[in-house]
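Below is one structure, written out as structure tokens, with a few remarks after it.
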Ligand SMILES: Cc1cc2nc3c(=O)[nH]c(=O)nc-3n(C[C@H](O)[C@H](O)[C@H](O)COP(=O)(O)OP(=O)(O)OC[C@H]3O[C@@H](n4cnc5c(N)ncnc54)[C@H](O)[C@@H]3O)c2cc1C
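Numbering (the numbering used here), first residue to last: 1 to 425.
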């Protein structure tokens with residue numbers, strides 16, 4: 001390609017990673033063109049954190065990687081280069097006040113996700129980044145002489161745009177209604193990149209047990225959820241979950257889904273909920289004995305309201321095998337033990353994950369082995385940079401995924417600008 005200082009760095013995708021990449025590149029003085037196929041930037045950001053955008057997690061940076069089950073090492077350089085505190089400073093110095101909540105989750109103080117996008121848009125404007133909306137990229141262009149290199153993009157309209165470098169930030173396949181329809185996998189693959197197996201992650205789980213839908217809408221706080229494959233424990237954690245018409249969801253379940261990628265769906269997996277994790281079996285027995293003493297003249301079905309939420313009571317009663325109409329003073333110790341077992345080991349059989357439509361993120365993506373971790377440049381096609389969810393990295397909920405998008409976008413933008421400056425002299 002002719003060394004033409006007029007060719008911009010093209011950023012494909014105006015989501016979190018793409019907008020940050022464009023700001024970082026333009027901040028280094030590069031000419032930047034941001035292409036977004038939607039009618040507006042950051043469509044997914046609007047729905048993050050239930051409309052409040054949990055935009056990072058201000059844990060200590062060393063702790064960050066414990067929240068990244070997939071390829072954390074690849075992220076060391078970019079996360080240390082633009083860590084959660086630097087991200088908070090970046091937004092705050094541009095006028096976005098933040099609020100830190102439980103678990104170091106960082107939100108805009110206004111609780112409006114749109115304020116995150118607005119801050120980025122204002123910065124893009126200040127840095128004179130050219131933005132083209134309703135602009136779908138169809139293909140990557142490469143040149144072979146004098147060296148094999150990315151040379152631009154072809155739009156859906158057929159128009160060819162030449163570029164000094166191309167940053168792909170097209171996101172994953174989850175929530176495709178926001179524009180993340182997986183186009184970037186095709187682009188990267190056409191450049192010669194390996195795409196690891198894609199699956200929905202941070203996603204609700206389907207359950208086979210017939211009594212689960214009865215509890216649809218019921219939320220449980222502070223429960224323990226464990227999943228096993230034979231003797232092997234695949235997941236074990238505490239938190240909040242909810243029953244649905246097909247199975248289970250909620251933060252605890254979404255985290256579990258990230259750990260069950262390899263096993264789930266291939267065979268049924270057994271899971272159990274400990275409904276009273278703060279009580280040992282002995283303490284729970286004392287509690288039940290006390291409740292039963294206070295209700296000794298009632299029948300069983302009317303004596304459990306202090307122990308379980310209303311929607312769960314019929315299910316627990318059936319699973320315990322104790323007749324619902326049995327007088328409480330007639331309940332035997334063996335029956336009580338069975339009630340304790342059901343409470344501490346509420347069993348379910350997990351059958352699979354829900355689809356990409358409902359997934360917070362995509363597991364899998366462009367293999368990180370073929371991407372330079374400090375610059376995000378492709379090791380296969382020079383001049384091509386990759387950032388955000390498109391890469392084979394993913395994290396748990398809590399602001400970690402957006403932090404990955406900011407950090408990888410920032411690294412890609414800064415490196416592409418430095419390389420462009422060097423090439424164009
Ligand atoms: C419901 C929900 C809630 C979430 N909540 C949080 C949260 O609170 N905290 C958190 O950390 N993470 C959250 N996430 C995850 C987070 O939103 C993503 O990890 C993050 O948005 C990924 O950023 P990205 O820029 O890589 O991709 P995206 O945000 O998906 O952006 C990709 C952009 O590229 C555009 N694009 C795609 N193909 C083309 C093409 N061919 N031409 C032009 N443009 C194209 C798309 O339209 C899109 O705008 C949530 C996700 C969902 C679905």
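Heads up, the beta-carbon is just placed ideally off N, CA and C, and yes, glycines get one too.
Reduced DSSP category for residue 3 - H, G, I as helix; E, B as strand; rest coil: Reliability of the predicted coordinates at residue 3 is poor, the pLDDT of 44 falling under 50, and the value obtained from them is presented with this limitation in mind. Reduced to three states, the DSSP call for residue 3 is coil.
field: Within 8 Å, strictly: CB atoms of residue 409 and residue 21
entry: yes
- request: Verify the contact flag: residue 166, CB atom, against every heavy atom of ligand 1, threshold strictly below 7 Å.
  value: no
- request: May I have a chain-ordered list of the beta strand (DSSP E) segments no shorter than 3 residues that lie completely inside the stretch 28-96?
  value: 32-35
message: Going by DSSP, what residue range makes up the alpha helix (DSSP H) through residue 126?
response: 113-126
query: Nearest to residue 248 by alpha carbon, out of 185, 352, 310 and 261?
result: 352
- prompt: Under the three-state reduction of DSSP, which class applies to residue 348: helix, strand or coil?
  reply: strand
N- and C-terminal bounds of the beta strand (DSSP E) containing residue 226: 219-229
message: Tell me which residues share the same chain as residue 255 and place their Cβ nearer than 6 Å to its Cβ, disregarding the 5 neighbours each side in the sequence.
response: 396
- request: Can you tell me which of the three DSSP states residue 340 falls into?
  value: helix
- prompt: Would you report the Cα separation of residue 392 and residue 332, rounded to the nearest angstrom?
  reply: 55 Å
task: Assign residue 187 to one of three DSSP states: helix, strand, or coil.
output: helix
message: Please give me, in chain order, every unbroken run of the beta strand (DSSP E) with length at least 3 that falls completely inside the stretch 133-168.
response: 137-143, 149-155, 160-162 and 165-168
task: Return yes when the Cβ of residue 276 is within less than 8 Å of the Cβ of residue 233, no when it is not.
output: no
query: With 16 as the cutoff for other CB atoms within 10 Å, does residue 309 come out buried or exposed?
result: exposed
query: Cβ of residue 170 versus every heavy atom of ligand 1: is any distance shorter than 7 Å?
result: yes
query: Tell me which same chain residues have a C-beta within less than 8 Å of the C-beta of residue 94, skipping the five on either side of it?
result: 119, 122 and 123
message: Just checking: is the beta-carbon of residue 113 within a distance shorter than 8 Å of some beta-carbon in chain B?
response: Among the chains of the structure shown, chain B does not appear; only one protein chain is present.
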